[in-house]
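Undergrad:
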Amino acid sequence: MVEDSEISGRFGFLTLDLVLRVILPGALALFLLNLLFPDALQTLTATPIGGSLAFLIIGFLSYSFYRAFYVGIMSRFWSPHLHLARTIIGEVTRSRTSWILVRAIYIEWRETAGEDARFKYIRRLTPYVHAGYQAAIIFLIFGLIANQKSRYPGTDVLLLSLGVLLFVASLYQDVELNTIEGDLLKVSRDSFRRYVVQVSGGPAAERPES
Numbered sequence: 001m002v003e004d005s006e007i008s009g010r011f012g013f014l015t016l017d018l019v020l021r022v023i024l025p026g027a028l029a030l031f032l033l034n035l036l037f038p039d040a041l042q043t044l045t046a047t048p049i050g051g052s053l054a055f056l057i058i059g060f061l062s063y064s065f066y067r068a069f070y071v072g073i074m075s076r077f078w079s080p081h082l083h084l085a086r087t088i089i090g091e092v093t094r095s096r097t098s099w100i101l102v103r104a105i106y107i108e109w110r111e112t113a114g115e116d117a118r119f120k121y122i123r124r125l126t127p128y129v130h131a132g133y134q135a136a137i138i139f140l141i142f143g144l145i146a147n148q149k150s151r152y153p154g155t156d157v158l159l160l161s162l163g164v165l166l167f168v169a170s171l172y173q174d175v176e177l178n179t180i181e182g183d184l185l186k187v188s189r190d191s192f193r194r195y196v197v198q199v200s201g202g203p204a205a206e207r208p209e210s
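Residue numbers for the sequence shown follow the numbering used here, beginning at 1 and rising by one.
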């Protein structure tokens, strides 16, 4: 795998996030749309500008809805490190912090936590995991649509199967990353606590956890 900066350097304005979270989902959605509703795609791509805008808008909307779904729902079920982070933040602030703020504080700390090889591994793999989830959801949505609209028997089963398999594969990798992050946060608890004190304006000195 390569760093985001290396991708950007090779393809100019393109970054890893843009490719995996907007361009590829947009291409996948347009491909499946053409498979199920070829007439609709012809309308969307009647002009080069219209086709480009449709491509980018579909990809952007796909990412926006996926991100809201992951942050608001999925991350609450298999992110034990975020639950631990919320506990530590609560110890410092003496209040219950919203889930979105907990996640933001944790990610900010992780990005500034140093050059630990495990953090590098997490940062490299995470975009691919989210891209897998996003593509899986697209397959599932179009699989449900194909069940009602497809002119080709078996298309719905194929798309739903691909969606389920890709979702399970992404979930497996996500659980692996979350396990690593949980272990890292446990051994770096004091570092995270100091960071929370710094960003929250809490007490200047906190008793280290044993």
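We put the beta carbon where it would ideally sit given N, CA and C, even for glycine.
Go through its chain and collect everything with a Cβ distance to LEU162's Cβ below 6 Å, but skip five positions before and after it.
TA: On the sequence shown, residue 162 is found 162 positions in, with the first residue counted as 1. Closer than 6 Å at the Cβ level, and outside the excluded window around LEU162, lie PHE139.
Undergrad: Kindly indicate which residue of ALA54, VAL92, PRO127 has the alpha-carbon position closest to the one of LEU33.
TA: Translated into positions along the sequence shown, residue 33 becomes position 33. Nearest option by C-alpha distance: ALA54.
Undergrad: Assign GLN134 to one of two classes, buried (16 or more other C-beta atoms within 10 Å of its C-beta) or exposed (fewer than that).
TA: Here residue 134 refers to the residue found at position 134 when the sequence shown is read from its first residue. That one is buried.
Undergrad: Express the C-alpha separation of ASN147 and SER123 in angstroms, rounding to a whole number.
TA: Counting from one through the sequence shown, the residue named residue 123 turns up at place 123. Counting from one through the sequence shown, the residue named residue 147 turns up at place 147. Rather than Ser, the amino acid found at residue 123 in this sequence is Arg. About 37 Å.
Undergrad: Can you find at least 3 beta carbon pairs, one from the region 60-67 and one from the region 19-36, that sit closer than 8 Å?
TA: yes
Undergrad: Tell me which residues share the same chain as VAL2 and place their Cβ nearer than 7 Å to its Cβ, disregarding the 5 neighbours each side in the sequence.
TA: Here residue 2 corresponds to residue number 2 of the sequence shown, with the count starting at 1. Here the model assigns VAL2 a pLDDT of 36, short of 50, so the residue's position is not dependable, and the following value carries that caveat. Taken in chain order, the list of residues that qualify is empty.
Undergrad: Would the region 92-103 and the region 159-173 be scored as touching if the rule is three or more Cβ pairs under 8 Å?
TA: no
Undergrad: Let me know the secondary structure DSSP gives ALA117 once reduced to three states.
TA: The count along the sequence shown starts at 1 and reaches residue 117 at position 117. Residue state, collapsed to three classes: helix.
Undergrad: Comparing C-alpha positions only, which one of VAL129, TRP109, LEU16 sits nearest to ILE88?
TA: As a first step, residue 88 must be located in the sequence shown, where it is residue number 88. Residue TRP109 holds the alpha-carbon nearest to the alpha-carbon of ILE88 among VAL129, TRP109, LEU16.
Undergrad: Going by C-alpha distance, which of TRP78, SER150, LEU56, GLU91 is nearest TYR172?
TA: Working through the sequence shown from its first residue, we reach residue 172 at position 172. It is TRP78.
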